[in-house]
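Novice:
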Amino acid sequence: MRSIIRAVLTLTAALPSIVSAALIPHADTPVFYLVGDDPFGDTFKVSRGLILSHDHGVQSFPAQPLRLTGQHMSATLTGEGPIAMIYIINGTFVAEDPVKGPTSPSLYHPYVDFSVPGSSNCGTSGPLMFIQDPNRDSVASNPCAAFSNFFLFSDRMDNQLGAKLILNSNLTSFYACGNARDIIYKVDVTDEPVDCFTPVQLYTLPVV
Numbered sequence: 681m682r683s684i685i686r687a688v689l690t691l692t693a694a695l696p697s698i699v700s701a702a703l704i705p706h707a708d709t710p711v712f713y714l715v716g717d718d719p720f721g722d723t724f725k726v727s728r729g730l731i732l733s734h735d736h737g738v739q740s741f742p743a744q745p746l747r748l749t750g751q752h753m754s755a756t757l758t759g760e761g762p763i764a765m766i767y768i769i770n771g772t773f774v775a776e777d778p779v780k781g782p783t784s785p786s787l788y789h790p791y792v793d794f795s796v797p798g799s800s801n802c803g804t805s806g807p808l809m810f811i812q813d814p815n816r817d818s819v820a821s822n823p824c825a826a827f828s829n830f831f832l833f834s835d836r837m838d839n840q841l842g843a844k845l846i847l848n849s850n851l852t853s854f855y856a857c858g859n860a861r862d863i864i865y866k867v868d869v870t871d872e873p874v875d876c877f878t879p880v881q882l883y884t885l886p887v888v
């Protein structure tokens, strides 16, 4: 509960210029985007641009929005897939239905798929993905699908960036892989895919 309270405080204080944020009844947090930027500050310069607000207005922000799905079915920072609008309810991360809106019961659930192709074992890396109700149960039965242990971690070095998404521990990282900038979680940079070594921070930005 303390982590959820910290997340609420961080979300509402992250950008003082924002007067109000979108709220869902009974949710633990306002609705927020996750925007990605790498720690070196030069990977996304070409395509940095605009974030859509909840009412389809536009506000500039120097990062790329996380999208529910891309050409490889995983969450991504490129393409034209729907931008994930996320909130926490009962301690669980969910994303709105981009077609039917916030009143739809068919929510999207983030998870990391640690499945290893051709093996029954689970690996130490995998794509960040979203699955919509009522299909969640079919994926949740996969022992390599990690739905829990997502947290928001406040960055004390620059609270203007809001809180960042972490899985399990702040000592591990998400990575933006390939030209599509698919989001992959790795325990170690040497994990598969080995040709992907650009860490990315996914920071919260309130939806207004």
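681 is the number of the first residue of the sequence shown in the working numbering; add one for each residue after it. We put the beta carbon where it would ideally sit given N, CA and C, even for glycine. Source: prediction; values computed, not measured.
(1) Span of the beta strand (DSSP E) holding Asp862?
(2) Here's the rule I'm using: 16 or more other beta-carbon atoms within 10 Å means buried, otherwise exposed. How should Thr870 be labelled?
(3) Are there 16 or more other CB atoms within 10 angstroms of the CB of Pro710, so buried, or fewer, so exposed?
(4) With a 10 Å radius around its C-beta and 16 neighbouring C-beta atoms as the bar for buried, classify Pro661 as buried or exposed.
(5) Can you grab the Cα-Cα spacing for the pair Gly716 / Ala775, in whole Å?
(6) Return the residue from the list Ala860, Phe877, Asp862 and Arg861 that minimises the CA-CA distance to Asp868.
(7) Report the three-state DSSP secondary structure of Asp717 (helix, strand or coil).
(8) Would you say Leu748 and Arg861 are within 7 Å of each other, going by their C-beta atoms?
(9) How about Asp708 and Ile766: are their beta carbons less than 7 Å apart?
(10) In terms of DSSP beta bridges, what is Lys844 paired with?
(11) At which residues does the alpha helix (DSSP H) containing Asp904 begin and terminate?
(12) What are the boundary residues of the beta strand (DSSP E) that Gly806 is part of?
(13) Could you check what DSSP says for Gly858 in three-state terms: helix, strand or coil?
(14) Looking only at its own chain, which residues have a Cβ that is under 8 Å from the Cβ of Asp865, when we skip the five neighbours before and after it?
(15) Assuming Pro790 is part of the beta strand (DSSP E), what are its boundary residues?
(16) With DSSP as the reference, identify every bridge partner of Thr756, one or two as the case may be.
(17) With distances taken from CA atoms, which of Ser784, Gly759, Ile704 and His789 is nearest Asn829?
(18) Going by beta-carbon coordinates alone, are Ala621 and Val819 separated by less than 7 Å?
(19) Across which residues does DSSP place Val774 in a beta bridge pair?
(20) In angstroms, rounded to a whole number, what distance separates the CA positions of Cys650 and Ile863?
Specialist: Once the coordinates are examined:
(1) Indexing the sequence shown from 1 puts residue 862 at position 182. Element bounds for Asp862: Asp862 to Lys866.
(2) As a position in the sequence shown, residue 870 is number 190, starting the count at 1. It counts as exposed.
(3) Position 30 of the sequence shown, counted from the first residue, corresponds to residue 710. By the 10 Å Cβ count, Pro710 comes out buried.
(4) This structure cannot settle anything about residue 661, because the visible part of the chain is limited to 681 through 888.
(5) Along the sequence shown, one-based indexing puts residue 716 at 36. Along the sequence shown, one-based indexing puts residue 775 at 95. Here the alpha carbons of Ala775 and Gly716 stand approximately 17 Å from one another.
(6) Residue mapping note: residue 868 aligns to position 188 of the sequence shown, counting from 1. Closest option to Asp868, Cα to Cα, is Phe877.
(7) One-based indexing of the sequence shown puts residue 717 at position 37. DSSP places Asp717 in strand when its eight states are reduced to three.
(8) Within the sequence shown, numbered from 1, the residue matching residue 748 stands at position 68. Within the sequence shown, numbered from 1, the residue matching residue 861 stands at position 181. Contact: no.
(9) Residue 708 sits at position 28 when you count from the first residue of the sequence shown. Residue 766 sits at position 86 when you count from the first residue of the sequence shown. Cβ atoms of Asp708 and Ile766: not closer than 7 Å.
(10) Locating residue 844 in the sequence shown gives position 164, where the first residue counts as 1. Lys844 is bridged by DSSP to Phe833 and Tyr883.
(11) This structure gives no information on residue 904, because the portion of the chain shown stretches from 681 to 888.
(12) Here residue 806 refers to the residue found at position 126 when the sequence shown is read from its first residue. Gly806: member of the beta strand (DSSP E) spanning Ser805 to Gln812, first to last residue.
(13) Against the sequence shown, residue 858 aligns to sequence position 178. Coil.
(14) To locate residue 865, count along the sequence shown from 1; it is residue 185. The amino acid at residue 865 is misidentified as Asp; the sequence shows Tyr. Closer than 8 Å at the Cβ level, and outside the excluded window around Tyr865, lie Val792, Ser805, Gly806, Pro807, Leu808, Leu847, Thr852, Ser853, Phe854 and Tyr855.
(15) Within the sequence shown, residue 790 is the residue found at index 110, counting from 1. According to the DSSP assignment, Pro790 belongs to the beta strand (DSSP E) that extends over Tyr788 to Asp793.
(16) Numbered from 1 along the sequence shown, position 76 holds the residue referred to as residue 756. Arg747 and Asp862, per the DSSP bridge assignment.
(17) As a position in the sequence shown, residue 829 is number 149, starting the count at 1. Proximity to Asn829 across Ser784, Gly759, Ile704 and His789 peaks at His789, based on C-alpha coordinates.
(18) In the structure as shown, the chain starts at 681 and stops at 888, and residue 621 therefore has no counterpart that could be examined.
(19) Residue numbering aside, residue 774 sits at position 94 when the sequence shown is read from its first letter. Answer is Tyr767, bridged to Val774.
(20) The question about residue 650 has no answer here: the residues shown for the chain are numbered 681 through 888.
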